[in-house]
Amino acid sequence: MRLLVFIIICTTTVQPCLHNGEHRSAGETWVDGRFKLQCIESETVAQVEIIGCVTPYGHEMSIGSHYQEGETEYHCKKTDDDGFVLEAVGY
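Residue 321 in the working numbering sits at position 61 of the sequence shown, with consecutive numbering throughout.
Below, the structure written as structure tokens:
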């Protein structure tokens with residue numbers, strides 16, 4: 261008697277990020293309002309993460325950085341409740 265063994269290899273594909281009705285590819289970055297976003301992919305999930313801020317004149321800043329634009333200094337920072345804020349300080 262012969263025994264046949266079938267090996268089934270299942271592969272799963274991570275679905276792309278979905279943000280405001282648009283599909284985004286892993287690694288893709290884009291600006292939404294005052295924030296720069298990126299689709300981050302792991303083995304099982306893809307998610308949208310905030311990776312920076314954008315000033316009113318379009319300068320992109322990393323989280324934790326400061327930038328002077330005219331009479332205003334901007335701070336891109338993470339808040340205590342895991343949110344993000346682009347804070348403007350006038351002179």
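Think of the CB as a built atom: it goes at the ideal place given N, C-alpha and C, for glycine as much as any other residue. Small disclaimer: the values here were computed from a predicted structure and weren't measured.
Excluding five sequence neighbours on each side, which residues of the same chain lie with their C-beta closer than 6 Å to the C-beta of residue i?
{"i": "Thr332", "result": "Ala348, Gly350"}
{"i": "Ser322", "result": "Gly312"}
{"i": "His279", "result": "Val308"}
Would you kindly check if the distance between the Cβ of residue j and the Cβ of residue i is under 8 Å?
{"i": "Glu282", "j": "Leu297", "result": "no"}
{"i": "His326", "j": "Tyr317", "result": "no"}
If you measure from the beta carbon of residue i to each beta carbon in chain C, is any gap under 8 Å?
{"i": "Pro276", "result": "No chain C appears in this structure, which consists of one protein chain only."}
Residue i and residue j look like a contact to me (Cβ under 8 Å); what is the Cβ gap, rounded to whole Å?
{"i": "Val314", "j": "Arg294", "result": "5 Å"}
DSSP has residue i in a bridge; who is on the other side?
{"i": "Glu329", "result": "Thr332"}
{"i": "Glu320", "result": "Val314"}
{"i": "Asp292", "result": "Phe295"}
{"i": "Val305", "result": "Paired residues: none, contrary to the question."}
{"i": "Gly350", "result": "Thr332"}
Between which residues of its own chain and residue i is the CB-CB distance below 7 Å, once the five residues before and five after are set aside?
{"i": "Gln307", "result": "Cys277, Ile300"}
{"i": "His319", "result": "Tyr327, Glu329"}
{"i": "Thr271", "result": "Reliability fails at Thr271, whose pLDDT of 48 lies under 50, so the model's placement of it is uncertain and the value that follows must be treated cautiously. Closer than 7 Å at the Cβ level, and outside the excluded window around Thr271, lies no residue."}
Spatial neighbours of residue i within its chain, please: C-beta separation below 8 Å, excluding the five flanking residues on both sides.
{"i": "Thr339", "result": "Val345"}
{"i": "Ala286", "result": "Val274, Pro276, Cys277, Cys299, Ile300, Glu301, Ala306"}
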